[in-house]
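Participant: If you read the protein sequences in the order shown, they are chains A and B. Per numbering that gives the first Met the number 0, the first sequence runs over residues 0 to 118. Per numbering that gives the first Met the number 0, the second sequence runs over residues 0 to 235. Think of the CB as a built atom: it goes at the ideal place given N, C-alpha and C, for glycine as much as any other residue. Given the structure is predicted, the values throughout are model-derived calculations rather than measurements. Before anything else, here's the structure in question.
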Amino acid sequence: MWIQIILVVGVVVVGLFLTRPSGRDSHLALRRLFLAAFVVVAIGSIIFPQWLTWVANLVGVGRGTDLLLYGFVLSFLIYVSTTYRRNVQLDRKLTRLARELALAEARIEDATNRQDDPN
Amino acid sequence: MTPAASIEPDAAVERDSEAWIIIPLYNEATVIGRVVDELLERFVHVVCIDDGSTDGSAAVAAAAGARVIRHPVNLGQGAALQTGLSYVTQKPEARYIVTFDADGQHRIEDADGMLRAAREHDVAIIFGSRFLDDRTKPGWLKKVILKTAVWVTNRTTGLRLTDAHNGLRVIRTDAASLIDLQQDRMAHATEIVHQLGKTKLPWEEYPVELLYTDYSKGKGQSVLNSVNILVDLLVR
């Protein structure tokens, strides 16, 4: 069935995506494209409810509702993975900031110690 | 400056001022004082990087005479190590950096021996290894985990080490200045080997003994932690 192939490929792509070093901008662009597609599909399925079922049948799923569920699972996975990466990058920034602070403080302490004790 | 260190490690030789000790410190108030005391008998410069301890470790280390650098929040052992490396490589008088664990499982004689080897053989990096002889006796589970870590490290770094995640290392400052650890948590132990390997500078392993006290056993890395290390290495 088509849906199985689509879902498995989708999950694998998300998994691979996680282990790649990220180009930050392309990351952001993908997130936004994803969101735009989501809006279009949502509006489409509200105006033409049968459309979803038609697409579902096309890929071998019985009802549009089921297709919606599959889509939801996949998008949740994408959300989790992109959020995880964002967190990793934020942690790195925090570390760098905290380190600069610690080193700056150490430099000041070293300078004052040197003044107190000329040796 | 004496060219070769004394052969007897406990002889009252002059304290080493070329080698700087860096100790990532996180909540080890009960043991850090003694570790710093003993290190200061042999070394002039002992730097503790306090990684946001909440048990007063920083004050204990400072009272014992260590130079204490403080992280404002807890970041992880890898982050603390990198802060220490950045701090010492700015010091023009520093020639070697010794990374040392705060929990007292390393022997100062081993650090001494590694420094002597680094000077006599003119190598930039010395990795401590507990598996070069059979003095250290880890439990079988710890041994399996460590050996797996060694395998993963050798796979990803291209070096052929017998031990990984051993906190005792000697790094010459020219090699240390090329290190930029991104792994804040335990995965830094693999990352540091990777980055040191990329410097192409000469390295050696040196047999060390790890003192598995009840205290250090209680704090040891768990099986679940090795899962974290693997994920940290994979997801960048």
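1) Taking the alpha helix (DSSP H) that Glu-108 (chain A) falls in, what are its first and last residues?
2) Indicate whether at least one CB of chain B lies closer than 8 Å to the CB of Asp-90 (chain A).
3) Using a Cβ-Cβ distance cut-off of 8 Å, determine whether Tyr-83 (chain A) contacts chain B.
4) When you compare only the Cα positions, how much space is there between Val-13 (chain A) and Ala-63 (chain B)?
5) May I ask you to verify whether the region 28-48 of chain B touches the region 62-78 of chain B, counting CB pairs closer than 8 Å and requiring at least 3?
6) For Glu-13 (chain B) and Leu-177 (chain B), I'd like the C-alpha separation in whole angstroms.
7) Beta carbon of Thr-212 (chain B), beta carbon of Gln-76 (chain B): below 8 Å?
8) Using a Cβ-Cβ distance cut-off of 8 Å, determine whether Thr-94 (chain A) contacts chain B.
9) Taking the straight line between their C-alpha atoms, what separation do you get for Asp-109 (chain A) and Val-151 (chain B)?
10) Three or more C-beta pairs under 8 Å: does that hold for the region 94-104 of chain B against the region 15-24 of chain B?
11) Report the residue ranges of all alpha helix (DSSP H) runs contained in full by the region 121-198 of chain B; include only those spanning at least 4 residues, in chain order.
12) Quick one: what's Phe-42 (chain B) bridged to in DSSP?
13) May I ask you to report which of helix, strand or coil DSSP gives Tyr-205 (chain B)?
14) Under a Cβ-count criterion, where at least 16 other Cβ atoms within 10 Å of its own Cβ denotes burial, should Ser-5 (chain B) be classed as buried or exposed?
15) Leaving out the 5 sequence neighbours to the left and right, which residues in its chain are closer than 6 Å to Ala-175 (chain B) when beta-carbon positions are compared?
16) For Tyr-205 (chain B), is the classification buried or exposed, using 16 other Cβ atoms within 10 angstroms of its Cβ as the cut-off for buried?
17) Does the beta carbon of Thr-111 (chain A) sit closer than 8 Å to a beta carbon anywhere in chain B?
18) Could you list which residues in chain A have their beta carbon closer than 8 Å to that of Pro-71 (chain B), in chain order?
19) Please classify Asp-49 (chain B): does DSSP put it in a helix, a strand, or coil?
20) Are the region 191-201 of chain B and the region 141-151 of chain B touching by the rule of at least three beta carbon pairs closer than 8 Å?
21) Roughly how many whole angstroms lie between the Cα atoms of Leu-29 (chain A) and Thr-94 (chain A)?
22) Counting only Cβ pairs nearer than 8 Å, list the residues of chain B close to Leu-17 (chain A).
23) Give me the residue from B:Leu-38, B:Thr-198, B:Gly-127, B:Asn-224 with the minimum Cα distance to Thr-172 (chain B).
24) Rounded to whole angstroms, what is the Cα-Cα separation between Ile-107 (chain B) and Leu-38 (chain B)?
25) Can you determine whether any heavy atom of the ligand HEM sits closer than 7 Å to the C-beta of Asp-15 (chain B), and answer yes or no?
26) Examine chain D for any beta-carbon lying closer than 8 Å to the beta-carbon of Val-87 (chain A), and answer yes or no.
27) DSSP on Val-97 (chain B), reduced to helix/strand/coil?
28) Three or more C-beta pairs under 8 Å: does that hold for the region 110-121 of chain B against the region 151-162 of chain B?
29) How many Å lie between Val-34 (chain B) and Ser-56 (chain B) at the Cα?
30) Identify every residue that forms a DSSP beta bridge with Pro-71 (chain B).
31) Label Gly-166 (chain B) either buried or exposed according to how many other C-beta atoms from any shown protein chain fall within 10 Å of its C-beta, with 16 as the threshold for buried.
32) If Leu-209 (chain B) and Thr-135 (chain B) are in contact, beta carbons under 8 Å, what's the gap, nearest whole angstrom?
33) In angstroms with no decimal places, state the Cα-to-Cα distance between Gly-63 (chain A) and Val-226 (chain B).
34) Can you pull the DSSP bridge partners for Leu-236 (chain B)?
35) Can you find the residues in the same chain that come closer than 7 Å, C-beta to C-beta, to Trp-1 (chain A), ignoring five residues on each side of it along the sequence?
36) Run through DSSP, which three-state label would Pro-91 (chain B) get?
Facilitator: Reading from the atomic positions:
1) For this step, residue 108 (chain A) is matched to residue 109 along the first sequence. Element bounds for Glu-108 (chain A): 63-115.
2) The residue given as residue 90 (chain A) occupies position 91 in the first sequence. At least one chain B Cβ lies under 8 Å of Asp-90 (chain A).
3) To locate residue 83 (chain A), count along the first sequence from 1; it is residue 84. Yes, Tyr-83 (chain A) counts as interfacial toward chain B.
4) On the first sequence, residue 13 (chain A) is found 14 positions in, with the first residue counted as 1. On the second sequence, residue 63 (chain B) is found 64 positions in, with the first residue counted as 1. Distance between the alpha carbons of Val-13 (chain A) and Ala-63 (chain B) is about 51 Å.
5) With the cut-off at 8 Å, the region 28-48 of chain B and the region 62-78 of chain B touch.
6) If you number the second sequence from 1, residue 13 (chain B) lands on position 14. If you number the second sequence from 1, residue 177 (chain B) lands on position 178. Straight through space, the alpha carbons of Leu-177 (chain B) and Glu-13 (chain B) are spaced by roughly 30 Å.
7) Reading the second sequence from its first residue, position 213 is the one you call residue 212 (chain B). Reading the second sequence from its first residue, position 77 is the one you call residue 76 (chain B). Going by C-beta atoms, Thr-212 (chain B) is not nearer than 8 Å to Gln-76 (chain B).
8) Taking the first sequence and counting its residues from 1, one reaches residue 94 (chain A) at position 95. At least one C-beta of chain B is nearer than 8 Å to the C-beta of Thr-94 (chain A).
9) Counting from one through the first sequence, the residue named residue 109 (chain A) turns up at place 110. Counting from one through the second sequence, the residue named residue 151 (chain B) turns up at place 152. The alpha-carbon of Asp-109 (chain A) is positioned some 40 Å away from that of Val-151 (chain B).
10) Touching, per the Cβ criterion.
11) Unbroken alpha helix (DSSP H) runs of no fewer than 4 residues, entirely contained in the region 121-198 of chain B, are found at 139-156, 172-175, 187-197, following chain order.
12) Reading the second sequence from its first residue, position 43 is the one you call residue 42 (chain B). BP columns for Phe-42 (chain B) point to B:Asp-15.
13) Locating residue 205 (chain B) in the second sequence gives position 206, where the first residue counts as 1. Tyr-205 (chain B) falls in the strand class under three-state DSSP.
14) Reading the second sequence from its first residue, position 6 is the one you call residue 5 (chain B). Confidence at Ser-5 (chain B) is low in this model, with a pLDDT of 46, below 50, so its placement is unreliable and no value can be given for it.
15) In the second sequence, counting from the first residue as 1, residue 175 (chain B) sits at position 176. Cβ contact annotation for Ala-175 (chain B) (same chain, cutoff 6 Å, sequence separation greater than five): Leu-84, Thr-88, Ile-96, in chain order.
16) Looking up residue 205 (chain B) in the second sequence gives position 206. Residue burial annotation: Tyr-205 (chain B) is buried, with at least 16 other C-beta atoms found within 10 angstroms of its C-beta.
17) Here residue 111 (chain A) refers to the residue found at position 112 of the first sequence. By the rule that beta-carbons nearer than 8 Å mark a contact, Thr-111 (chain A) does not touch chain B.
18) Stepping through the second sequence from its first residue, residue 71 (chain B) is reached at position 72. Those within 8 Å of Pro-71 (chain B) in chain A are Ala-97, Leu-100, Ala-101.
19) As a first step, residue 49 (chain B) must be located in the second sequence, where it is residue number 50. Correct three-state label for Asp-49 (chain B): strand.
20) Touching, no, given that fewer than three Cβ pairs across the two stretches are closer than 8 Å.
21) Position 30 of the first sequence holds residue 29 (chain A). Position 95 of the first sequence holds residue 94 (chain A). Taking the straight line from one Cα to the other gives about 27 Å.
22) For the purposes of this step, residue 17 (chain A) is taken as the residue at position 18 of the first sequence. What Leu-17 (chain A) touches in chain B: Leu-233, Val-234.
23) Counting from 1 along the second sequence, the entry for residue 172 (chain B) is found at position 173. Residue B:Thr-198 is the option with its Cα nearest to Thr-172 (chain B).
24) Numbered from its first residue, the second sequence carries residue 107 (chain B) at position 108. Numbered from its first residue, the second sequence carries residue 38 (chain B) at position 39. When rounded, the distance between both Cα atoms is 7 Å.
25) In the structure on display, the ligand HEM does not appear, and there are no ligands present to speak of.
26) No chain D appears in the structure shown, which is made up of the protein chains A and B.
27) Counting from 1 along the second sequence, the entry for residue 97 (chain B) is found at position 98. In this structure, Val-97 (chain B) counts as strand in the three-state DSSP scheme.
28) Taking a cut-off of 8 Å for Cβ pairs, the region 110-121 of chain B and the region 151-162 of chain B do not touch, as fewer than three such pairs fall below it.
29) Within the second sequence, numbered from 1, the residue matching residue 34 (chain B) stands at position 35. Within the second sequence, numbered from 1, the residue matching residue 56 (chain B) stands at position 57. As the crow flies, the alpha-carbon of Val-34 (chain B) is around 12 Å from that of Ser-56 (chain B).
30) One-based indexing of the second sequence puts residue 71 (chain B) at position 72. Per DSSP, none; premise fails for Pro-71 (chain B).
31) On the second sequence, position 167 is the one that residue 166 (chain B) refers to. Per the 10 Å Cβ criterion, buried.
32) As a working note, residue 209 (chain B) is residue 210 in the second sequence. As a working note, residue 135 (chain B) is residue 136 in the second sequence. Yes, they are in contact, since the Cβ atoms of Leu-209 (chain B) and Thr-135 (chain B) sit about 5 Å apart, within 8 Å.
33) Numbered from its first residue, the first sequence carries residue 63 (chain A) at position 64. Numbered from its first residue, the second sequence carries residue 226 (chain B) at position 227. Within the model, the alpha-carbon separation for Gly-63 (chain A) versus Val-226 (chain B) is close to 39 Å.
34) Since the first and last residues shown for chain B are 0 and 235, residue 236 (chain B) lies out of range.
35) Here residue 1 (chain A) corresponds to residue number 2 of the first sequence, with the count starting at 1. Counting only Cβ-Cβ distances below 7 Å, and skipping sequence neighbours, we find Val-58, Gly-59.
36) Here residue 91 (chain B) is taken as the residue at index 92 of the second sequence, counted from 1. Coil, per DSSP.
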